[in-house]
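Written out below as structure tokens is the structure these notes cover.
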Amino acid sequence: MAIQGIDFANLSLMDALDLAILIEDEAQERYQDFAAQMEQHHTPEAAKFFTYMVENEAKHGRELLARRTQLFGDTPRQVKAAMIFDVEAPDFDEARAFMSAREAMAAALASEVKAHAFFESALPSIKDPDVRALFEELRIEEIEHQELVQLELAKLGKDNGVDGSAYEDEPAAQ
Amino acid sequence: MSATCEFQAKDYKSDLKPIWCPGCGDFSVVQGIYRALAAIGRPPHEIAFVSGIGCSSRIPGYTTAYGFNSVHGRSLPIAQGIKLANPDLLVLAAGGDGDGFSIGGGHIAHLIRRNVDITYIVMDNQIYGLTKGQLSPTSQKGRVTCTSRFGSLEEPVNPLLYVLAYGAGFVAQASPTDLAGMAAVIEEAIRYPGFAFVNIQSPCVTYGEEAQQIRGLKAISESLVSLGHNPADRLAAMDLAQHYGEKMHLGVFYRNPEPAPTYDALVRERQALLSKDALPKENILDLFIKK
Amino acid sequence: MRKDLVFGMAGSGGDGIVSAGDSLLQAAAAEGYHGVMTKSFGSQIRGGESSCRVRIATEPILNPGGNLDVAVALNWEDFLKFGAELPVSGNTVVIYEAATGIKETEIPLVGVTPLQVIAVPIAAMAKETAGTERAKNTVVLGLIAGWFGIGAVAVMKGIRKKLAKKGEELVNANQRAFDAGRAFAMEHPLKTSMAVMPSETKGQVKLITDGNDMCAAAAIFAGCQFFGGYPITPSTEIMQFFTDHVWKYGGAVLQAEDEIAGIGAAVGASFAGKKSMTATSGPGLSLKSEMMGLASIAELPLVIVDVQRGGPSTGLPTKTEQSDLFAACFSAHGDVIRPVLAPTSVADTFRITIEAFNIAEYYQTPVIILSDQEIASRKETLDPIDTSQFKIINRQEPHGADLVDYKRFKQTDNHISPISHPGMLGGTYLASGIEHVESGAPTNSGSVHQRMNDKRTKKFDPLKDRKDLFEVLGNPDAPIAMIAWGSIAGVCREALAMAQAEGLNVKLLVPYLLYPVAEGVYNEFFTSVQKGLIIEQTHLAQTFKLLRMHIDLPKGVKSLARSGANPFLPGEIVAALHHLLSELQRSHEGQLQPQE
Chain H
1048 MAIQGIDFAN LSLMDALDLA ILIEDEAQER YQDFAAQMEQ HHTPEAAKFF
1098 TYMVENEAKH GRELLARRTQ LFGDTPRQVK AAMIFDVEAP DFDEARAFMS
1148 AREAMAAALA SEVKAHAFFE SALPSIKDPD VRALFEELRI EEIEHQELVQ
1198 LELAKLGKDN GVDGSAYEDE PAAQ
Chain A
889 MSATCEFQAK DYKSDLKPIW CPGCGDFSVV QGIYRALAAI GRPPHEIAFV
939 SGIGCSSRIP GYTTAYGFNS VHGRSLPIAQ GIKLANPDLL VLAAGGDGDG
989 FSIGGGHIAH LIRRNVDITY IVMDNQIYGL TKGQLSPTSQ KGRVTCTSRF
1039 GSLEEPVNPL LYVLAYGAGF VAQASPTDLA GMAAVIEEAI RYPGFAFVNI
1089 QSPCVTYGEE AQQIRGLKAI SESLVSLGHN PADRLAAMDL AQHYGEKMHL
1139 GVFYRNPEPA PTYDALVRER QALLSKDALP KENILDLFIK K
Chain D
312 MRKDLVFGMA GSGGDGIVSA GDSLLQAAAA EGYHGVMTKS FGSQIRGGES
362 SCRVRIATEP ILNPGGNLDV AVALNWEDFL KFGAELPVSG NTVVIYEAAT
412 GIKETEIPLV GVTPLQVIAV PIAAMAKETA GTERAKNTVV LGLIAGWFGI
462 GAVAVMKGIR KKLAKKGEEL VNANQRAFDA GRAFAMEHPL KTSMAVMPSE
512 TKGQVKLITD GNDMCAAAAI FAGCQFFGGY PITPSTEIMQ FFTDHVWKYG
562 GAVLQAEDEI AGIGAAVGAS FAGKKSMTAT SGPGLSLKSE MMGLASIAEL
612 PLVIVDVQRG GPSTGLPTKT EQSDLFAACF SAHGDVIRPV LAPTSVADTF
662 RITIEAFNIA EYYQTPVIIL SDQEIASRKE TLDPIDTSQF KIINRQEPHG
712 ADLVDYKRFK QTDNHISPIS HPGMLGGTYL ASGIEHVESG APTNSGSVHQ
762 RMNDKRTKKF DPLKDRKDLF EVLGNPDAPI AMIAWGSIAG VCREALAMAQ
812 AEGLNVKLLV PYLLYPVAEG VYNEFFTSVQ KGLIIEQTHL AQTFKLLRMH
862 IDLPKGVKSL ARSGANPFLP GEIVAALHHL LSELQRSHEG QLQPQE
């Protein structure tokens, strides 16, 4: 997780909203990438779950964008995608060929925890009350996301402890 | 609107689906390249992207540009031919550590001394992934692989120290632990007028060791900016580069503050100078008249 | 008077014998003669033995000639090292350095009695007139002018020009040495006059150059704008020519770090849309072969010159051979055709090089020019070439509709797909060594591989109908035939003329296109043939085997093959043809007998 060039103490509400949108966009893109990787590599359950996450992140992103537009119209964005990295998106190496849905969910859960930690750590330095309120809201939403993923995990039932990788073919030399 | 705003990262993403293992570090590198190219803003058809052979050498196929996935170890000779034939192009070369420092290891020194304006990105994963996990030139001594059952007996190559010693004008390192930083150094490398080298620690999820995965890399990462490193100081850069393999310094090790003229620029100068007294091509045989 | 004279001279490198040969050739050209000069050296960089052979004639010359008419030995040890390259016969006048102390009756030539043997105090004359023995070569030129009537004026004109910057005294010293040689010849006339008749074309412009320079000049004429290479004897002069001239035409040259990088850069330049070239010799061809495979599958135009020398490995780096034929035809892994062309002289190197570029561009393929050390290094006098008669072909580029959803490797009726290059809007694609579908996307599909192999093979079919890449000389219905390519074709051309003069009914096929093998052309040629020789300078009879691989050769067609640095002489080929004729007559008699 990385943030650069952002001064939380003096963050405006517009910038905070844009930052939140970029964070959702990044996560959405990463899940899209993962879903594509899974589809390409015969791991459909994980692909399905990652696609579900794409939709979640997109939905959240759209809501934030609507608020931003309502409040600030199309005033040019000040924060850039380059300023954030892996806030809510899982690390690049969280994806694995033949990963189970459970493993995919665990990766997503870890990312939501990571995002929650980000907002929580940023909160103390924020002065603007509106921004503070937004970050508080976002922090809580990350908890809701965690619950959503946990719900999906619960649907899978109890982990039978079988290591699926024992059944896989060796990688193929090219 | 300035030219730099005309393209977005996704404009450089091609329709081909990567064959890389899910979780491969190269997925981040290609994103970093898309972002850097978008920041530069050159249209895809003015970009030539050359690679050799290896997992990472598939990368031109995943980029919208004129791509060339060539033969093992030879991305640099081909890239320099392209640049000399048409210096207006933005020329990128990429490949793995085996491609660049083993089979093609002889070329980099010469590209550097010629200072051809090419950006060379090595996706360094310390292993031969495409052929299923053999020892690579950057594998640590003692590393157990399928061709070193009892541990490697060789010291690894230090790519950073190599290129610094050869006199490269721009040397940087990046990793998937910091995509924004990676995109930034690739962009800076492309903007550098001359041969630029970016080593990217790109973990192999299939054959890499645990310590080489992102979590492990994060543990040893250190930004050169945070260390207060001055990228104009070549000796300091070499000093830091010695820690390749133990520490992962991210950012620009060295940027020549006074870049030497590029080979391609000198070629143009010579063409302009000499074309004035060219015989018309159809009379070229007059050179053989003995008077 | 003579119409044709072959000089062979040998000495140590310090004797300047090759430089004398150059002066002689230039003087001959200035006097309107046709000339060919070949050089041969020992393996030392400096201080080894060196020799040259200069043939001068009033008619165009087809090869450097057979037995010497005039042999000049500055010392016998060096002369003898060249063996069969400087053959002395009963018709040769032998001139040698008197200071060797060997009597005219005891010269160390075994099994031959020359027409005349003359010991000349060459070194002493040089010392006396020019103040240094180093002027021996100028004395020799004076002797030649005196005895054979060549260069009496032109030689000194040339020398004066060459030495003008070095001062009047040196020019005068050379003039005295030259005059002394000439005077000696006048005072000691030959038993049989061997003077050459004056040329009718005196005063006309002549070009003088060698095969390597001609090849490079032709490449630039054809539009080549990039050369990537690495020094290797005997091809290096091609790169040197590019470094002198290509810049003027907006091109570039790269002396690369190795053979692979040389061809790699050329492949890159071709990908970037420029005509490009590399040149090498046998060992370099081996190193380049992986890249040749790449250029074939990526369908990139490229010209590779292989100036053959004795092989394998370092072999005989300064001697000619034709033994890279297999390596050129079958140089790389995988199933693919790469056209191989071979010039037969300096003059036709111009045309063949242009053809190579045209074929490379039209068919989008690497093309190999199989030159050889002799053609590459020998100097020929040439009549001016009308360059306007040569058509230049450029690669077919995509336009308009082609660039909508552009497919780089699109299947077309002639199997050739329009090729884009970086900088062309709408033409982006992935070039690759991996098998690809029409768009260029990688694939490992067997059916696509089969289809693409078909495409890459069938596109060359029209090339096999290019009869203009073959030459049939002599009576087209003759029962006796020769086939020869490269520098050996020149020897055979002369043998053909000699055999015809002796009444033999014979013909000669000279292929300029060696590969793909044009079965139709050969089958048509063989229709009338009962006996024949495939003549080549390889130890394994590679040409014979290559043809046999593709064609059912008539039973009477045999191989006449030998290793490099053992030149063929026109006379011995004529003798072999006579032998074929007698075999033919015997077999006819044999056929007739049972019927009686």
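Residue numbers (the working numbering), protein chains in the order written: chain H, 1048 to 1221; chain A, 889 to 1179; chain D, 312 to 907.
Quick reminder that beta carbons are idealized off the backbone N, C-alpha and C, glycines included.
Proximity winner among the options, relative to residue i (alpha-carbon distances)
{"i": "ASN974 (chain A)", "options": "D:ALA446, D:SER682, D:MET735", "result": "D:MET735"}
{"i": "VAL783 (chain D)", "options": "D:ASP772, D:PHE771, D:TRP796, D:PRO773", "result": "D:TRP796"}
{"i": "LEU815 (chain D)", "options": "D:LEU891, D:ALA456, D:ALA872", "result": "D:LEU891"}
{"i": "LYS585 (chain D)", "options": "D:ALA742, D:ALA712, D:MET348, D:CYS535", "result": "D:CYS535"}
{"i": "PRO375 (chain D)", "options": "D:GLY462, D:SER870, D:THR655, D:ILE730", "result": "D:THR655"}
{"i": "GLU396 (chain D)", "options": "D:SER362, D:GLY867, D:PRO594", "result": "D:SER362"}
{"i": "PRO542 (chain D)", "options": "D:THR554, D:ARG804, D:GLU847", "result": "D:THR554"}
{"i": "ASP326 (chain D)", "options": "D:ALA465, D:LYS314, D:LEU385, D:VAL317", "result": "D:LEU385"}
{"i": "ALA580 (chain D)", "options": "A:LYS1178, A:LYS971, A:VAL1113, A:VAL1059", "result": "A:LYS971"}
Bridge partners - residue i, DSSP secondary structure assignment
{"i": "PHE1085 (chain A)", "result": "A:TYR1008, A:VAL1059"}
{"i": "GLN566 (chain D)", "result": "D:GLY540"}
{"i": "GLU691 (chain D)", "result": "D:VAL347, D:THR520"}
{"i": "ARG364 (chain D)", "result": "D:GLY319, D:THR349"}
{"i": "ARG1143 (chain A)", "result": "A:PHE1058"}
{"i": "PHE956 (chain A)", "result": "A:VAL938, D:ALA742"}
Residue i versus residue j: straight-line alpha-carbon distance, rounded
{"i": "MET436 (chain D)", "j": "ALA321 (chain D)", "result": "18 Å"}
{"i": "THR952 (chain A)", "j": "THR739 (chain D)", "result": "7 Å"}
{"i": "SER798 (chain D)", "j": "GLU749 (chain D)", "result": "42 Å"}
{"i": "PHE1097 (chain H)", "j": "ALA1213 (chain H)", "result": "24 Å"}
{"i": "LYS1164 (chain A)", "j": "MET467 (chain D)", "result": "34 Å"}
{"i": "VAL399 (chain D)", "j": "MET505 (chain D)", "result": "16 Å"}
{"i": "MET1130 (chain H)", "j": "ASN1057 (chain H)", "result": "16 Å"}
{"i": "ILE941 (chain A)", "j": "ALA572 (chain D)", "result": "16 Å"}
{"i": "ASP569 (chain D)", "j": "ILE663 (chain D)", "result": "27 Å"}
{"i": "GLY626 (chain D)", "j": "MET1136 (chain A)", "result": "50 Å"}
{"i": "MET1070 (chain A)", "j": "THR1035 (chain A)", "result": "32 Å"}
{"i": "LYS770 (chain D)", "j": "PHE1145 (chain H)", "result": "44 Å"}
{"i": "VAL578 (chain D)", "j": "ALA981 (chain A)", "result": "15 Å"}
{"i": "ASP1065 (chain H)", "j": "ALA1074 (chain H)", "result": "14 Å"}
{"i": "GLN545 (chain D)", "j": "ILE966 (chain A)", "result": "One detail in the question is off: residue 545 (chain D) reads as Pro in this sequence, not Gln. Going from the Cα of PRO545 (chain D) to the Cα of ILE966 (chain A) covers about 25 Å."}
{"i": "LYS901 (chain A)", "j": "SER874 (chain D)", "result": "57 Å"}
{"i": "ALA1164 (chain H)", "j": "ALA1105 (chain H)", "result": "21 Å"}
{"i": "THR589 (chain D)", "j": "GLU480 (chain D)", "result": "45 Å"}
{"i": "ALA1154 (chain H)", "j": "PRO1137 (chain H)", "result": "7 Å"}
Rounded Cβ spacing between residue i and residue j (contact assumed at less than 8 Å)
{"i": "GLU360 (chain D)", "j": "ASP389 (chain D)", "result": "4 Å"}
{"i": "ILE418 (chain D)", "j": "LYS690 (chain D)", "result": "With 8 Å as the limit, ILE418 (chain D) and LYS690 (chain D) do not qualify as a contact, their Cβ atoms being about 29 Å apart."}
{"i": "LEU1060 (chain H)", "j": "VAL1178 (chain H)", "result": "5 Å"}
{"i": "LEU1111 (chain H)", "j": "ILE1050 (chain H)", "result": "At roughly 17 Å, the Cβ-Cβ gap does not stay under 8 Å, so LEU1111 (chain H) and ILE1050 (chain H) are not in contact."}
{"i": "ASN834 (chain D)", "j": "ILE791 (chain D)", "result": "17 Å between Cβ atoms; not a contact."}
{"i": "MET809 (chain D)", "j": "VAL885 (chain D)", "result": "5 Å"}
{"i": "ILE1009 (chain A)", "j": "ILE928 (chain A)", "result": "Incorrect: roughly 14 Å between the Cβ atoms, too far for contact."}
{"i": "ALA687 (chain D)", "j": "GLY522 (chain D)", "result": "4 Å"}
{"i": "ILE372 (chain D)", "j": "VAL347 (chain D)", "result": "5 Å"}
- prompt: Quick one, which residues of the region 954-973 of chain A are near chain D if we go by CB-CB under 7 Å, in chain order?
  reply: TYR954, GLY955, PHE956, ASN957, SER958, VAL959, ARG962, PRO965, ILE966, ALA967, GLN968, GLY969, ILE970, LEU972, ALA973
field: Cβ-based contacts, 8 Å cut-off: residues of the region 974-1000 of chain A near chain D
entry: ASN974, ASP976, LEU977, GLY994, HIS995, ALA997, HIS998
task: Report the residues of the region 682-703 of chain D with a CB closer than 8 Å to any CB of chain A, ordered along the chain.
output: LEU693, PRO695, ILE696, THR698, SER699
query: What residues in the region 927-941 of chain A have a beta carbon less than 8 Å from any beta carbon of chain D?
result: Of all residues in the region 927-941 of chain A, those with a C-beta nearer than 8 Å to a C-beta of chain D are PRO931, PRO932, HIS933, GLU934, ILE935, ALA936, VAL938, ILE941, reading in chain order.
task: Residues of the region 1081-1106 of chain A with a CB closer than 7 Å to any CB of chain H: list them in chain order, please.
output: PRO1091, VAL1093, THR1094, GLN1101, ILE1102
- prompt: For the region 1101-1132 of chain H, which residues have a beta carbon sitting closer than 8 Å to at least one beta carbon of chain A?
  reply: Listed by position, the residues of the region 1101-1132 of chain H near chain A (Cβ gap below 8 Å) are ALA1128, ALA1129, MET1130, ILE1131, PHE1132.
The region 1044-1070 of chain A: positions lying closer than 9 Å to chain D by Cβ: Cβ contacts with chain D: none found.
query: For the region 1133-1144 of chain H, which residues have a CB atom closer than 8 Å to at least one CB atom of chain A, in sequence order?
result: ASP1133, ASP1138, PHE1139, ASP1140, GLU1141, ALA1142, ARG1143, ALA1144
message: Short of 7 Å Cβ to Cβ, which residues in the region 559-576 of chain D face chain A?
response: LYS559, TYR560, GLY561, ALA563, LEU565, ALA567, GLU568, ASP569, ILE571, ALA572, GLY575, ALA576
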